[in-house]
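Heads up: the sequence shown runs through residues 155 to 640, numbered per the working numbering. Heads up: the structure comes next, in structure tokens.
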Amino acid sequence: MVTIQLGDTQSISKSTCIAAFVAADGPASGDVIFQSVQTAFSAFTDTALWRVKSGTSVTSIIEIESNRLPVIGIGMGSLSSVSIQNLRDWAATAAKSVQTDAAVSWIVPVLPHLNPQSVANAMAEGIVLGSYQFDRFKAEAQRHQVHHYLISSEALSATAIDQAVHGAEATNMARDLANMPPNILTPWYVVELVQQTFSGNPNVVIDVIDVQRATELGMGAFLGVAQGASVPPAILVLRYQPFQNDKPIVLIGKGVTFDSGGISIKPGRGMSDMKGDMSGAAAVLAAFTAAVRLNLGKAITAVIPMTENMPDGAAQRPGDIVTAMNGKTIEIINTDAEGRLILADALVYAAQYENPKVMVDIATLTGACSVALGDLAAGVLGNNQSTIDQLLAAGHRTGEQLWQLPLFDGYLAYLKSDYADIANASEAGKAGTSTGAKFLQQFVGEVPWVHLDIASVMKGNGKGIQPKGMSGAGARLLLDWLSVDA
Ligand SMILES: [Zn+2]
């Protein structure tokens, strides 16, 4: 359990530890804001503490008013080169090193080129993101109570800190959902979870499309994927409508709760990570939940198609032809290109029934996205440049970087089928992320639409704000965009 609040001199006397950023060129102005701390720190000025390599930390003991306190000194390198993203990562790294019940006083550095509130917000985000652990299935799980104080010589807004904490908690919620084992987190587990979360909230309406209703709606693409699974699929529709008659922002998240690849089965190595193939759904659920809690006051609808993709006697075959809800026939070339099939029907449904102002879908869609971008960015594509620009800006603010890839009409030729209107995959092996998005575009009509491919950033590397396991990618990004621009 981690809590964060603004602190003052009193907080230091209540603390069991101090954390401070130290620059190669000496303490940041205002960094050592209290005389007692300054005196104690000055003893280290000539020592290695001030020369800590950027991003790494050292622990030492300082004496403040005859109290001996451990201090974590986190290297910043040269002051002028420090970025918000650095501070978020470094705070996370230091927070990971606190492995006991503790109260930590963080000295917020004053950096001439950065806004003090943004610095404090980034630290709060880093602390919450860095403290994340998924250990609910471990007998020896250790829950530490850690209280963090942010101490600054500048006037900071507690509300802004709270919002930063909410955003980071949304990411942690998405991580929890994506890390859950697929034998437990099934489509209807999520439905029940959501029903519990929003029961009694008059502003949230929950609708569930089950197999029978999906059949009536003609969702042949979605049902084709689901037919090999032994757990029933569902499409969850959540409507947050604080004001009547506002056109909603519609978020659509891919929720494949386990992706074996189906008959086009994946190699065994790394297949357990395919529990994270519902990371898009997790991001949408987390951002939606936070938006309702924060009372953003904007109409938001979440459409979340959920199913397993399994090989089975009843499973979809390569060569099958299915008919999507808009009447388009799709030849199945590869049953592992299932995300676009369930999203196709979700997009047609959202466009026809949910009256969207704009649709943003988020999905772990293509391995090709990792080939193009590594794990440093998610792909963004769409038919509406102003929404893409807004999301690129949100990516910059949150550190969840996006990179725009093209959606040339020529990519449609890669999806030509000899037998149906379109094929679900290309065997050319070119521009996989763009081709996946081009497929989706056939199901959005004229609605402003953006597609986020988060396959590249689904899993964390354990460094900085990243955990080991699923990263919770997209949750803070979507929440930031909903708060600022949408
Ligand atoms: Zn797949």
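Glycine included, every Cβ here is placed at the ideal spot set by N, Cα and C.
Three-state secondary structure (DSSP) of residue i
i    : result
N240 : helix
H298 : coil
S251 : coil
F175 : strand
I417 : coil
P396 : coil
M432 : helix
E450 : First, the residue type needs correcting, since residue 450 is Leu and not Glu in the sequence shown. Note: L450 maps to coil in three-state DSSP.
Q539 : helix
V601 : coil
Y286 : coil
A591 : helix
N221 : strand
N275 : helix
Y303 : strand
N578 : coil
A202 : With a pLDDT of 49 at A202, under the threshold of 50, the modelled position of this residue cannot be trusted, and the question is left open.
I458 : strand
D427 : helix
Q350 : helix
A517 : strand
L405 : strand
L561 : coil
N333 : helix
T411 : strand
K584 : coil
V512 : strand
Cβ-Cβ separation, residue j to residue i (assumed contact under 8 Å), whole Å
i    : j    : result
V502 : N463 : Incorrect: roughly 20 Å between the Cβ atoms, too far for contact.
G382 : Q470 : 6 Å
A257 : T351 : A257 to T351, Cβ: 31 Å. No contact.
G618 : T247 : 6 Å
D499 : H605 : Not confirmed; about 15 Å, so no contact.
T461 : P341 : 6 Å
A245 : I281 : 5 Å
V262 : L304 : 5 Å
A318 : A440 : Rounded, the Cβ-Cβ distance is 15 Å, inconsistent with contact.
G533 : S610 : 7 Å
T483 : D575 : 5 Å
S165 : S272 : With 8 Å as the limit, S165 and S272 do not qualify as a contact, their Cβ atoms being about 21 Å apart.
Span separating the alpha-carbon of residue i from that of residue j
i    : j    : result
L556 : A531 : 5 Å
P602 : G564 : 20 Å
A278 : S306 : 13 Å
V348 : L392 : 9 Å
F188 : G415 : For F188, the predicted structure reports a pLDDT of 48, less than 50, and the residue's modelled location is therefore unreliable. A value from the coordinates is still provided. Those two C-alpha atoms are separated by around 59 Å.
G430 : D162 : 41 Å
D529 : G616 : 12 Å
I158 : A436 : 25 Å
N488 : L519 : 13 Å
M155 : R297 : 7 Å
D474 : A453 : 39 Å
A202 : S220 : Below a pLDDT of 50, predicted positions are generally treated as unreliable, and A202, at 49, falls in that range; the measurement from the model is reported next regardless. Roughly 23 Å between the two C-alpha positions.
I315 : A445 : 16 Å
S251 : G229 : 14 Å
V300 : T254 : 8 Å
G284 : D572 : 51 Å
P356 : N449 : 13 Å
G231 : N240 : 10 Å
P270 : E346 : 42 Å
S237 : K570 : 46 Å
G335 : D634 : For the sequence presented, residue 335 should be read as Pro rather than Gly. Cα to Cα, P335 sits roughly 28 Å from D634.
A388 : P266 : 52 Å
V379 : I496 : 7 Å
Reference residue i; option with closest CA among the options
i    : options                   : result
T541 : A640, E485 and G493       : A640
P386 : Q395, A453, A368 and H302 : A368
G451 : Y394, P459 and T483       : Y394
P465 : V446, I419 and M155       : I419
D490 : A504, A478 and M425       : M425
S234 : Q558, R297, L268 and V476 : L268
L566 : H550, A585, Y573 and L633 : A585
V476 : I486, A468 and G467       : I486
L545 : N326, L636 and S571       : L636
G628 : V345, E294, L405 and F175 : L405
K408 : M612, E581, E294 and S208 : M612
H302 : Q239, F442 and N275       : N275
D361 : P459, P336, I172 and P224 : P459
R290 : S214, D330, V225 and P510 : D330
S625 : L632, I608 and P266       : I608
I172 : G374, Q287 and L223       : L223
E508 : G521, V457, A517 and D364 : V457
Proximity test, Cβ basis, 9 Å: residue i and chain D
i    : result
G161 : In the structure shown, chain D does not exist; there is a single protein chain.
Pull every residue with its beta-carbon under 7 Å away from any heavy atom of ligand 1, and keep them in chain order. V410, D413, G415, D431, N463, D490, A491, E492 and G493
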